[in-house]
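Per the working numbering, the sequence shown starts with residue 171, numbered consecutively. Everything below concerns the one structure shown next.
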Amino acid sequence: MFQKIAAFYENHIKHLLFPKDDLSDLAADNLHVRKITRAGKDIRNTCIPLKKRVQAASHLGLLAYTGGSGEASQAGHYMGDLINFLLIPDLSDHEKVTVLQSLSGICYGNTNTQKQAKELNLYGLLLSYLHTKEVNPLPDSHESIKLKFWTCYLLNILCCNNIPVIKMLNHDESLQRNLEILAHKGWYGWPNNYAQVLLYLLGYHFPKTDL
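In structure tokens form, the structure reads like this:
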């Protein structure tokens, strides 16, 4: 999934961010950081519409993922703001997905931002998404399922090489059942069934399903 995003970035976005081919690596890195800072300012700007702030969050996650470890740590300064977005009562599931995508980009392969996620109690919020029952089978439920899929993906990132987090999640009594339900959903378009992967990471036995 993120490999496709990275390819899209290389082909369609990078030349807009860095139009001069003769920029040195240092100058390019500094420009990348400036773009992150600008996105962060938009995220914190309560004078602009929430929709634009969420769009800035999407930009931030992409910059963090494509920029490397240092840029991801820089983007981590705004993780608290992103999590605050998720606490807004009328935030749509579509907007929540955008925020989770951003958090995934920031936390991917970065132990510093993964530690921040724990300190900011992101895990409790993610578990609440997995425990939410679908009461509406209508169009909105598609976004609800998508939200749970991205929740599973982000939890996989946060659990990677992180035994304390795995132990913490194992204390959640209803998590296994909720993951088993999600593992039977159609993960079409995803490189993996991340609910199933998470079941294995947490030490639950689960038979392999067709993806």
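Note that the Cβ used here is the ideal one computed from N, Cα and C, for glycine as well. Quantities reported herein were computed from a predicted structural model and do not represent experimental measurements.
### Query
Whose C-alpha, out of Leu257, Pro259, Leu292, Lys337, is nearest the C-alpha of Leu273?
Leu292
Check each candidate in Glu343, Leu317, Ala227 and name the one with the smallest Cα separation from Val382.
Residue 382 lies beyond the residue range present for the chain, which begins at 171 and ends at 381; the question has no answer from this structure.
Using the Cα positions of Leu325 and Ile218, report the straight-line distance between them to the nearest angstrom.
If I take the Cα positions, the gap works out to 31 Å.
- Task: Buried or exposed for Arg204, please, with buried defined as at least 16 other CB atoms from any protein chain shown within 10 angstroms of its CB.
- Result: exposed
key: Outcome for Thr281 when other beta-carbon atoms lying within 10 angstroms are tallied against a minimum of 16   = Under this definition Thr281 is an exposed residue.
Considering Cα atoms alone, identify which of Glu313, Thr302, Leu297 is closest to Leu368.
Leu297
Exercise. How close, in whole Å, do the beta carbons of Lys355 and Ile327 come, if the pair is a contact with beta carbons under 8 Å?
Worked result: Not quite, the Cβ-Cβ distance comes to about 19 Å (not below 8 Å), so this is no contact.
Exposure label - Phe345; buried when at least 16 CB within 10 Å
Note that residue 345 corresponds to Leu in the displayed sequence, not to Phe. That one is buried.
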